[in-house]
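Asks: Below is the structure I would like to discuss, written out as structure tokens.
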Amino acid sequence: MDHRKWIEILERSAYGILLGGLIALITLNQSILPISVLTGLSIGFWSGVLEKWAFSGWLRRRRFVEVILLRSLAYLIVIVLTLMVLTSSQLAMDYQLPWLYAFQTEGVEGISELFWRRSFITPVLVCFVLLLAMQFVMQVSRLLGRNVLLNYLIGRYYHPKEEERIFLFMDIKSSTSLAEKLGHFQWHRLLNDFFFDISEPISRTKGEIYQYVGDEVVISWPKKRGIERLNCIQCFFYCMKKIEARKHRYLKRYGTEPIFKAGLHIGKVVAGEIGDFKRSIVFHGDTINTASRIQSETNRLGLRLLLSARLLEQLDLRGMYTTDYIGEIKLRGKEEKVVLYSLDPV
-15 MDHRKWIEIL
-5 ERSAYGILLG
5 GLIALITLNQ
15 SILPISVLTG
25 LSIGFWSGVL
35 EKWAFSGWLR
45 RRRFVEVILL
55 RSLAYLIVIV
65 LTLMVLTSSQ
75 LAMDYQLPWL
85 YAFQTEGVEG
95 ISELFWRRSF
105 ITPVLVCFVL
115 LLAMQFVMQV
125 SRLLGRNVLL
135 NYLIGRYYHP
145 KEEERIFLFM
155 DIKSSTSLAE
165 KLGHFQWHRL
175 LNDFFFDISE
185 PISRTKGEIY
195 QYVGDEVVIS
205 WPKKRGIERL
215 NCIQCFFYCM
225 KKIEARKHRY
235 LKRYGTEPIF
245 KAGLHIGKVV
255 AGEIGDFKRS
265 IVFHGDTINT
275 ASRIQSETNR
285 LGLRLLLSAR
295 LLEQLDLRGM
305 YTTDYIGEIK
315 LRGKEEKVVL
325 YSLDPV
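If you count the sequence shown from 1, position 262 lands on 246 in the working numbering, and the numbers rise without skipping.
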């Protein structure tokens, strides 16, 4: 079982406890502190379970509206069930009665009657509307890509600014012949499966998907985030592991598996918003062109991964990877030669 998922679930549970305690403190009602903390813990835990298991597969492939409705409904069920269980437990303790008795109406106003009151149904409906709004924002953010919606809202790139970034260009080997062999629809489905499968490794390594161009995906990191924990390198090898783990599915569906190659480079780019009706945050600079050309060299050299010496100098490989000096290569369309290395896990 993936320990990372459990760590994230525990983090959500901790946030739930803190939020529950904060609500009790804000209301200045210490008597609700235990129930408030338990409510936060339960909602945090089960929301984590939903996100890491129930929502991590099939639901991500559903239509936009379906995703919003189903996620909102699932969260609402978790909240209502949590309130029912904890409230009935509180009533049972207050009246020193068996827990199931809290659902009866004899002697004590039961939970079953309490939850059909207008005073309860109205807040539940309001909660559902808020969940719909929250899920809409979350799904729009997911569609745009990591941090893109936030960058639009705060106007981070309204005025162009210079940044040092790492770029990874990755595409599928022999894509033209594969597309001809499979046909348009099957080729599209394979690409969609491929991009879908590598999304989790990219997210895990804090990468930002800059754009898709045909069978190519361009991933970017701010310098600090890309170097941290070797995210820019780990991303490629995590993607390899993910596709290898799903190899049988690709062979069954398409009779082939996507073999991909990549090029990495670091440098300064200008980032800014561009356009009107179709607005985008774009990067301009020689760094992007160089990264693309490095990726193209993988075809000629028959290698899976190439990176520039400029990037390698800033990475602490920690004995996890070995490098091979390829040489000073004159990239297509470039005047100056670039020193390239290949890289493999130990």
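Built from N, CA and C at the ideal position, the CB exists for glycine as well.
#1: Within its chain, find whatever has a CB closer than 8 Å to the CB of GLU241; leave out the 5 residues flanking it on each side and keep chain order.
#2: Whether or not the segment 144 to 153 and the segment 260 to 275 are in contact is what I'm after, with contact meaning three or more pairs of Cβ atoms, one per stretch, closer than 8 Å; do they touch?
#3: May I have the straight-line CA-CA distance separating VAL92 from VAL69, to the nearest angstrom?
#4: If you compare alpha carbons, which of ASP199, GLU35, ILE19 and ILE211 is closest to LYS190?
#5: Judging by CA-CA distance, which residue of LEU115, LEU67 and ALA163 is the nearest neighbour of LEU174?
#6: So, using beta-carbon positions, are ILE193 and GLY129 closer together than 7 Å?
#7: Give me, in chain order, the residues of the same chain whose beta-carbon lies closer than 6 Å to that of VAL336; leave out the 5 immediate sequence neighbours on both sides.
#8: Give me the Cα-Cα distance between LYS298 and GLU(-8), rounded to the nearest whole angstrom.
#9: Can you give the Cα-Cα distance for HIS249 and SER276, rounded to whole angstroms?
#10: With burial defined as no fewer than 16 other Cβ atoms inside 10 Å of the residue's Cβ, what is the status of ILE138: buried or exposed?
#11: In chain order, which continuous runs of the alpha helix (DSSP H) of length 4 or greater are located wholly inside the segment 157 to 189?
#12: At 4 residues or longer, and completely inside the segment 234 to 318: list those alpha helix (DSSP H) runs for me, N to C.
#13: In three-state terms, what does DSSP make of PHE39?
#14: Quick test of the definition: if touching needs 3 or more C-beta pairs under 8 Å, does the segment 244 to 263 touch the segment 282 to 296?
#15: Below 6 Å CB to CB, which residues in the same chain sit around PHE267 once its five sequence neighbours on both sides are set aside?
#16: Counting only runs of 4+ residues fully inside the segment 195 to 229, write out the alpha helix (DSSP H) ranges in chain order.
#17: How close, in whole Å, do the beta carbons of VAL330 and MET304 come, if the pair is a contact with beta carbons under 8 Å?
#18: Whole-angstrom Cβ separation of GLY4 and SER20, contact assumed at under 8 Å?
#19: Cα separation between TYR196 and GLY251?
#20: Secondary structure at ARG46, three-state DSSP: helix, strand or coil?
#21: Check LYS321 in the structure and name its three-state DSSP category.
#22: Mind checking whether THR71 and ILE27 have CB atoms under 7 Å apart?
Replies: Once the coordinates are examined:
#1: By the criterion of a C-beta distance shorter than 8 Å, GLU241 is surrounded in its chain by ILE227, LYS231, TYR234 and LEU235, once the five residues flanking it on both sides are discounted.
#2: Verdict: yes, contact present.
#3: No answer about VAL92 holds up, because its pLDDT of 45 lies below 50 and its placement is not dependable.
#4: Of ASP199, GLU35, ILE19 and ILE211, the residue nearest in Cα terms is ILE211.
#5: Of all alpha-carbon atoms in LEU115, LEU67 and ALA163, the one lying nearest the alpha-carbon of LEU174 is that of ALA163.
#6: Less than 7 Å divides the Cβ of ILE193 from the Cβ of GLY129.
#7: The chain is shown from -15 up to 330; residue 336 falls before or after that span and cannot be answered.
#8: It is worth fixing the name first, because residue 298 is Gln in this sequence and not Lys. Take the alpha-carbon of GLN298 and the one of GLU(-8): they are about 30 Å apart.
#9: So the two alpha carbons sit approximately 9 Å from each other.
#10: Exposed: under 16 other Cβ atoms inside 10 Å.
#11: Runs of the alpha helix (DSSP H) lying entirely within the segment 157 to 189, each at least 4 residues long, are 159 to 166 and 168 to 188 in chain order.
#12: Complete alpha helix (DSSP H) runs here, min 4: 270 to 285 and 293 to 296.
#13: Secondary structure at PHE39: coil, using DSSP grouped into helix, strand and coil.
#14: Touching, per the Cβ criterion.
#15: Closer than 6 Å at the Cβ level, and outside the excluded window around PHE267, lie VAL253 and ALA255.
#16: Runs found: 207 to 211 and 215 to 229.
#17: Between MET304 and VAL330 the Cβ distance is about 6 Å, and since that is below 8 Å, they are a contact.
#18: Contact between GLY4 and SER20 holds: their C-beta atoms lie close to 4 Å from each other, under 8 Å.
#19: Taking the straight line joining both Cα atoms gives about 21 Å.
#20: For ARG46, the secondary structure class from DSSP, reduced to helix, strand or coil, is coil.
#21: For LYS321, the secondary structure class from DSSP, reduced to helix, strand or coil, is coil.
#22: In this structure, ILE27 does not lie closer than 7 Å to THR71 by Cβ.
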